[in-house]
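Written out below as structure tokens is the structure these notes cover.
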Amino acid sequence: MSSKIQKNKLLLYVVVDTQEEQTIQSVQQALCKLTAAEFSPWRPQASLIDCAEFYATAAADDRSLADLIPQLNKFWTAEDEIWEDYGYNTPMFHEHVYYLRLEVNK
99 MSSKIQKNKL
109 LLYVVVDTQE
119 EQTIQSVQQA
129 LCKLTAAEFS
139 PWRPQASLID
149 CAEFYATAAA
159 DDRSLADLIP
169 QLNKFWTAED
179 EIWEDYGYNT
189 PMFHEHVYYL
199 RLEVNK
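Under the working numbering, the letters of the sequence shown match residues 99 to 204, in that order.
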């Protein structure tokens, strides 16, 4: 009997330090190299000057998730299946990521 591998639903909130379309696309492409993600349209980030924000969704089993987390960011602040941090505190998966939050729904 085969057991079905449980997929976790991932929601990422990404703030990019610019509103340049090419840079935002570069961030999204870098994320797609790490996991199969779908993106919301980006919009200006309301409280930060010249920053953009978007959401990404993906799915990953526990093993893939364990591999993905340190690729997105080396040093997270984590609590209750929510990981977050700022790009000025730690290296992110792309140099233009200002803020990243990852929510995992099992």
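Note that the Cβ used here is the ideal one computed from N, Cα and C, for glycine as well. As the structure is a computational prediction, the values presented were derived from the model and not from experiment.
Three-state secondary structure (DSSP) at Thr133?
Per DSSP, reduced to three states, the secondary structure at Thr133 is coil, with no helix or strand assignment.
Q.
Considering only the alpha carbon of each residue, which of Ala176, Trp140, Ala128, Cys130 lies closest to Glu118?
A. For Glu118, the closest of Ala176, Trp140, Ala128, Cys130 by C-alpha to C-alpha distance is Trp140.
Given a cut-off of 8 Å on the beta-carbon distance, is the pair Glu136 and Val112 in contact? Cβ distance not < 8 Å, so Glu136 and Val112 don't count as in contact.
**Prompt:** If Met190 and Asn203 are in contact, beta carbons under 8 Å, what's the gap, nearest whole angstrom?
**Reply:** So it is not a contact: roughly 22 Å between Cβ atoms.
Exercise for the section: Report buried or exposed for Tyr197, applying the criterion of at least 16 other Cβ atoms within 10 angstroms of its Cβ. Expected result: The Cβ neighbour count for Tyr197, taken over all protein chains shown within 10 Å, is at least 16; the residue is labelled buried.
Give me the DSSP bridge partner(s) of Ala158. Under the DSSP definition of a beta bridge, Ala158 partners with Asn106.
Is the beta carbon of Arg199 closer than 8 Å to that of Glu182? Cβ atoms of Glu182 and Arg199: closer than 8 Å.
Enumerate in chain order the residues of its own chain whose CB-to-CB distance from Ala179 is below 8 Å, with the five nearest sequence positions on each side excluded.
Residue identity differs from the one stated: residue 179 is Glu in this sequence, not Ala. Closer than 8 Å at the Cβ level, and outside the excluded window around Glu179, lie Glu201, Val202, Asn203, Lys204.
(Q) Let me check one thing: in DSSP terms, what residues is Tyr153 bridge-paired to? (A) Beta-bridge pairing links Tyr153 to Tyr111.
### Task
Could you have a look at Leu146 and say whether DSSP puts it in helix, strand or coil?
Assigned with DSSP and collapsed to three states, Leu146 falls in coil, not helix or strand.
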